[in-house]
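The sequence shown begins at 0 in numbering that gives the first Met the number 0 and counts up by one.
Each residue gets a CB set at the ideal place from its N, CA and C atoms; glycine is no exception.
Since the structure is predicted, the reported quantities are computational estimates derived from the model, not experimental observations.
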Amino acid sequence: MEDGSAKKREKQRVWRTEKPYKGIRMRKWGKWVAEIREPNKRSRIWLGSYSTPVAAARAYDTAVYYLRGPSARLNFPDLLLGEMRMSDLSAASIRKKAIEVGARVDARETALRESSNHHHHEIVNGCHRSTISGLEEKPDLNKIPEPEDSEWDV
């Protein structure tokens with residue numbers, strides 16, 4: 000029986016690295032999506048598609064809290080807001096609120112990630128280039144180049 004428990008532990012380890020939070024998954028193309036099952040039903044509530052796993056997890060947390068109340072198992076229990084009261088608990092209203100929270104978190108996470116990227120400008124073979132964290136930004140080929148030294152002055 001030892002072999003079965005070792006396989007189970009390995010499966011749990013792989014699952015934790017691939018799915019960092021409950022209620023989310025990553026699409027093949029890199030977007031993170033969240034969804035949740037409605038209680039006592041086979042149907043799911045779609046909670047949106049996000050750039051970051053944190054945003055998808057926060058959308059899931061919002062929905063699971065509305066569906067299951069204070070006893071819900073959350074990804075971020077410390078981030079539960081006092082505004083988590085809603086009179087209409089329909090799937091549509093839960094989806095709307097979860098997407099609202101997820102979009103707000105996604106925008107903040109994306110802005111933080113982009114602000115941490117450093118823009119570097121350099122001149123290579125007389126061409127001005129901009130690099131963002133090692134990725135080269137392509138020059139606009141439709142733009143007339145501006146002279147960078149005095150030999151172009153007439």
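Item                                                                                                                      : Value
Cut-off 7 Å between Cβ atoms - residues of its own chain near THR61, not counting five sequence neighbours on either side : LYS96, ALA97 and VAL100
Any alpha helix (DSSP H) of 4 or more consecutive residues that is wholly inside the segment 44–87                        : 52–67
Beta-carbon gap between GLY22 and TYR59 smaller than 8 Å                                                                  : yes
Alpha carbon of SER50 to alpha carbon of ASP105, nearest angstrom                                                         : 6 Å
C-alpha gap between ARG36 and ARG57, whole angstroms                                                                      : 16 Å
Nearest neighbour of ARG43, chosen from ARG107, SER114 and ALA90 [CA to CA]                                               : ALA90
Whether PRO76 touches PRO52 by CB criterion (8 Å)                                                                         : no
Reduced DSSP secondary structure (H/G/I, E/B, other) of ARG26                                                             : coil
In DSSP terms, what SER34 is bridged to                                                                                   : In the sequence as displayed, the identity of residue 34 is Glu instead of Ser. Answer is TRP45, bridged to GLU34.
Alpha-carbon spacing of GLU113 relative to PRO69, whole angstroms                                                         : 35 Å
Secondary structure of SER92, DSSP reduced to three states                                                                : helix
Assigned exposure category for LEU111 - 16 Cβ within 10 Å defines buried                                                  : exposed
Residue of SER48, ARG41 and LYS40 minimising C-alpha distance to VAL32                                                    : SER48
Buried versus exposed call for ARG94 [16 or more other C-beta atoms within 10 Å across all chains shown]                  : buried
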